[in-house]
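Heads up, the thing below is written out as C-alpha cells.
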Amino acid sequence: MKFEGEYTVGVKDIGLDNEVTNFAILSFLEEVASSHSSTVGYGVNDIEEKKKVWLLMDWKLQVFERPKYGDKLLLKTWGRPIEKHIFYTYRDFEVFLNGKLVAIATSRWVLFDLNTNKITKITPEILDLYKPEEQKVFEEKEISKVKEPENKELKLLYEVKRKDIDVNKHMHNLNYISLAYEALPDEIYENIELNNVRVMYKHQILLGDKVKCFYSKEEEKHIISIKSENEEVLHALIVLS
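To convert, note that position 62 of the sequence shown is 1296 in our numbering; the numbers rise steadily by one, no gaps.
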C-alpha cells in the first residue's frame, strides 16, 4: 500500500536560488515514512509499548527538478516485500510537484529490539501491516555498498552536541548530512546543489563523541567519510554528485 503526505517548502528548507535542499527533501521523506509507520502501530509513539524501533541504514536520493519556496509537494512511500533476507527491508519514495515526478529515493531499514539491544527479525506479521508493494524506483533491487576512499583530506573535527541527538539517543541521521556539507570545498558548497545523494550508515554516534570528517573526490563524486576521533571506527560514508 502506498502512503501519501503533503508538505510545503518553507524558509528553513531552501538554499541556493530559493530551491529546496537535499537535507530538506530527506527530512520530508523521513516524516512521511514515520507517519506511515504510525498508522500501522510501529511509529514513534509506539516505541515504549513495542520496545522496537526502525533504524535507517541507507539512503539513495535522486533529484530531477528542484522545487522552490512555497511549493506544495506530494510524497508517496511504500515498503517492499522481503525476499531472501529477514533482518532488513526497503522503503521507496516518490516526490511530486503539480503532478510531475521531481525526485525518487530508496532506503534500507532494520528493526531494533530495545530489550535485547540487538537487531531483530522482521516477521511476516509486521511486514504485512505495511501491505508491501513490488514497485521499486531504481532499477536495482538493493542499494550497492560504498567503499571508503584511501586518499582523503581531513576537513572537520566535530564534538556531538545535545541538539544533534534524536529520540533513540543517537545522532539524528539527517545530521550526518549536515556534517558532510560542512566538509565540502567552498566552491561546491556555495555554488552547486548536488542532485544525487548516497548515505551509508555504519556505526552510531553518541552525545559527546568527537568525529572527524574527511573529504575526497573521485571523478564527479564528492565523498565524505565520518570517522571516530582515533579514526578506528567508520561511522558513515556520504557520496554527493
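Positions of the beta carbon are idealized from the N, C-alpha and C atoms, including for glycine.
If you compare the alpha carbons of V1245, D1251, Q1438, V1445 with that of K1389, the shortest gap goes to V1445. Straight through space, the alpha carbons of K1284 and L1474 are spaced by roughly 36 angstroms. Between W1288 and Y1303, the beta carbon gap of about 31 angstroms keeps them out of contact (Cβ cut-off 8 angstroms). Rounded to the nearest whole angstrom, the CA to CA distance from M1405 to A1414 is 14 angstroms.
Apart from the 5 residues on each side of it in sequence, N1256 sits with its Cβ closer than 6 angstroms to the Cβ of V1431 in its chain, given in chain order. For M1235, the number of other beta carbons within 10 angstroms of its own is below 16, and it is reported as exposed. For L1361, the closest alpha carbon among the candidates N1351, P1419, H1270, V1371 is that of H1270. Only residues of its own chain outside the window of five on either side were considered, and among them I1320, F1321, L1345 have a CB closer than 8 angstroms to the CB of K1355, listed in chain order. A Cβ-Cβ contact shorter than 9 angstroms links E1416 with Y1392. The beta-bridge partner set that DSSP reports for I1320 is empty.
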